[in-house]
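In this note's numbering, the protein residues as written are 12 to 422.
Structure representation (structure tokens):
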């Protein structure tokens, strides 16, 4: 057995002191839907509801073999919780920097996981500010900075997902689908599988609003994105890690898919409603990818990387899913300021059209008023009927559903 395989098994065995292996479960619903044998590697069922605990644990384990520093990290979510849990396990001090804007639920969970072993410092409105503060503090106290993905020991820890997966599957899968953000998980698994099971194909998925691996492959080197959509907060990074990219630069671009954020929401809703499985946006990426690949007749494992979802975001997820399905649209409607105009418009609606938003945007117009109109229906084709009726009856309107700039300010 090679050194890589041996070390990966040692690392995985060491994790059993912290938590049991996460389950690898066959999913009947997805298997029937895609005509395949679909399994889920449930990293959303780890003690901190994500795989991040693995990398944090392994990196700390390696450092503690020779020294006992203060561990420092910056994170607004899963990495913070993994570090906190591991600090409590090892009985060492950790200082975790989080943006002031971090949802209170995540701050509270981090403190619960870490207990007296950790200190949470809320610094800055944005992650970059928290990161800078964490790195400065780490230098001041001669601490050890724990990167969420750009660290060889973290990458080695994440590879334990692959070790468990192969041990748990009744037969070797044809394909493994995994999300990629900073690249620690995907690099670790690909490196391990290249020796343990080289016949298994990999397909990676990243959010369209944070496709840093796609950009790096196209450029042939690391690229920092100008803008990142933070909706898929567990996988949207501006720059993939340098250490992971050493492995990932060799993948075939055809085995990497980017998926729009709204489409990810459809899978989150589906898995919640049908399977009762709570997935965060990054955790749903691998399942969403099934819709974009030909998996019929294959044995496929989707790595569901996390389930830290704040249910206060559910209305947004539901709305984005409806937009992706084409059953929700927003319009700016010019409504004549005359008696009966609103009734005339309402008479144009079909029996399955439902107004979800109706708000005057400009009330001072003498002859017309601008209205923000949200409509949900059961079939996307119903919008064709509605807009035809609106045009034929002289109503002026603009479809702003996919206009991100306008929607950002008024929807």
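For each residue, glycine too, the CB sits at the ideal point set by N, CA and C. Every value quoted in this text rests on a predicted model; they were computed, and no experiment measured them.
List the DSSP bridge partners of residue i.
| i | result |
| --- | --- |
| residue 104 | According to DSSP, which records beta bridges pairwise, residue 104 is partnered with nothing at all. |
| residue 467 | A question about residue 467 goes unanswered here, because the residues of the chain that appear run from 12 up to 422. |
| residue 347 | 379 |
| residue 37 | 50 |
| residue 368 | 385 |
| residue 408 | 344 |
| residue 18 | None, per the DSSP bridge assignment. |
| residue 339 | 387 |
Quick one, which of the options has its alpha-carbon nearest residue i's?
| i | options | result |
| --- | --- | --- |
| residue 204 | 15, 95, 411, 299 | 15 |
| residue 250 | 193, 243, 293 | 193 |
| residue 232 | 261, 208, 246, 170 | 261 |
| residue 247 | 161, 255, 236, 416 | 236 |
| residue 6 | 103, 404, 170, 115 | Lying before the first or after the last residue shown, residue 6 is absent from the chain, which here runs from 12 to 422. |
| residue 149 | 132, 137, 176 | 132 |
| residue 123 | 95, 208, 293, 389 | 95 |
| residue 199 | 243, 258, 344 | 258 |
| residue 59 | 82, 165, 93 | 93 |
| residue 388 | 361, 406, 228, 308 | 361 |
| residue 264 | 328, 230, 70 | 230 |
| residue 358 | 400, 328, 21, 154 | 400 |
| residue 271 | 157, 282, 283, 302 | 302 |
| residue 331 | 306, 352, 274 | 274 |
| residue 27 | 168, 43, 416, 244 | 168 |
| residue 206 | 78, 18, 411 | 18 |
| residue 180 | 371, 157, 33 | 33 |
| residue 354 | 406, 393, 394 | 406 |
| residue 57 | 160, 319, 395, 178 | 319 |
| residue 134 | 309, 145, 126 | 145 |
Quick check: the Cα distance between residue i and residue j, rounded to an integer number of angstroms?
| i | j | result |
| --- | --- | --- |
| residue 61 | residue 253 | 22 Å |
| residue 430 | residue 340 | Past the boundaries of the shown model lies residue 430; the chain is included only from 12 to 422, so the question cannot be answered. |
| residue 367 | residue 414 | 18 Å |
| residue 140 | residue 84 | 13 Å |
| residue 391 | residue 397 | 10 Å |
| residue 268 | residue 379 | 46 Å |
| residue 9 | residue 385 | Outside the displayed span of the chain (12 to 422) sits residue 9, for which this structure offers no information. |
| residue 356 | residue 346 | 8 Å |
| residue 293 | residue 313 | 12 Å |
| residue 114 | residue 153 | 29 Å |
| residue 329 | residue 242 | 13 Å |
| residue 190 | residue 417 | 30 Å |
| residue 404 | residue 350 | 16 Å |
| residue 163 | residue 411 | 45 Å |
| residue 217 | residue 74 | 31 Å |
| residue 409 | residue 280 | 28 Å |
| residue 72 | residue 44 | 42 Å |
| residue 202 | residue 344 | 55 Å |
| residue 282 | residue 296 | 12 Å |
| residue 309 | residue 159 | 32 Å |
| residue 284 | residue 151 | 49 Å |
| residue 13 | residue 208 | 13 Å |
| residue 156 | residue 240 | 26 Å |
| residue 137 | residue 120 | 20 Å |
| residue 89 | residue 383 | 37 Å |
| residue 304 | residue 224 | 19 Å |
| residue 99 | residue 326 | 35 Å |
| residue 21 | residue 176 | 15 Å |
| residue 311 | residue 278 | 17 Å |
| residue 307 | residue 127 | 50 Å |
Establish whether the CB of residue i and some CB of chain D are separated by less than 8 Å.
| i | result |
| --- | --- |
| residue 281 | Annotation note: the requested chain D is absent from the structure, which comprises a single protein chain. |
*Spell out a yes or no on whether the region 206-217 and the region 182-196 are touching, meaning 3 or more CB-CB pairs, one atom from each, closer than 8 Å.*
Short answer: they touch.
*Cβ pair count under 8 Å reaching 3, the region 96-111 against the region 330-348*: no
*Quick check: the region 285-299 against the region 37-44, are there 3 or more CB pairs under 8 Å?*
yes
*Runs of alpha helix (DSSP H) wholly within the region 152-196 (minimum 4 residues, chain order)*: 163-169, 171-179
*Where in the region 80-153 do unbroken runs of the alpha helix (DSSP H), each at least 4 residues long, occur, reported from the N-terminal end onward?*
89-101, 115-125, 138-151
*Would you mind listing the beta strand (DSSP E) stretches within the region 47-85 that are 3+ residues and don't spill past its ends, in chain order?*
Runs of the beta strand (DSSP E) inside the region 47-85: 48-53, 82-85.
*asked:* Which complete alpha helix (DSSP H) runs does the region 211-249 hold, if anything under 4 residues is left out?
replied: 223-230
*At which residue ranges does the region 252-332 contain complete alpha helix (DSSP H) runs of 4 or more residues, listed in the order of the chain?*
253-259, 272-281, 292-299
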